[in-house]
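One structure is given here, and the rest of the page talks about it.
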Amino acid sequence: MESESGSMCAASRDSVNSVCDAIDSQLQVLCWFLSCVVFSNARQDEERRLKY
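Following this note's numbering, the numbering of the sequence shown begins with 229 at its first residue and continues without gaps.
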């Protein structure tokens, strides 16, 4: 699952790129991480709904 979330993070980068680029470089890593986590969780919730 973790390797899968890694590819999800890559996919989410385009959607958050402009937001994270506007943020101070020190906070950029945190921005990527948070957006990645949020995106991954949203994707997993969708998959759970489809299963049941």
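Glycine included, C-beta positions come from ideal geometry on N, C-alpha and C.
Suppose contacts are defined by Cβ-Cβ distances below 7 Å. Is residue i in contact with residue j by that definition?
| i | j | result |
| --- | --- | --- |
| CYS259 | CYS248 | yes |
Could you tell me the distance, in whole angstroms, from the CA atom of residue i to the CA atom of residue j?
| i | j | result |
| --- | --- | --- |
| GLN256 | ARG277 | 32 Å |
| ASP252 | VAL266 | 20 Å |
| LYS279 | SER268 | 17 Å |
| GLU275 | ALA250 | 31 Å |
Quick one: give me the first and last residue of the alpha helix (DSSP H) that residue i is part of.
| i | result |
| --- | --- |
| ALA250 | First-last for ALA250: undefined, no H or E at that position. |
Quick check: is the beta carbon of residue i nearer than 7 Å to any beta carbon in chain C?
| i | result |
| --- | --- |
| CYS264 | Of the chains in the structure shown, none is chain C; there is only one protein chain. |
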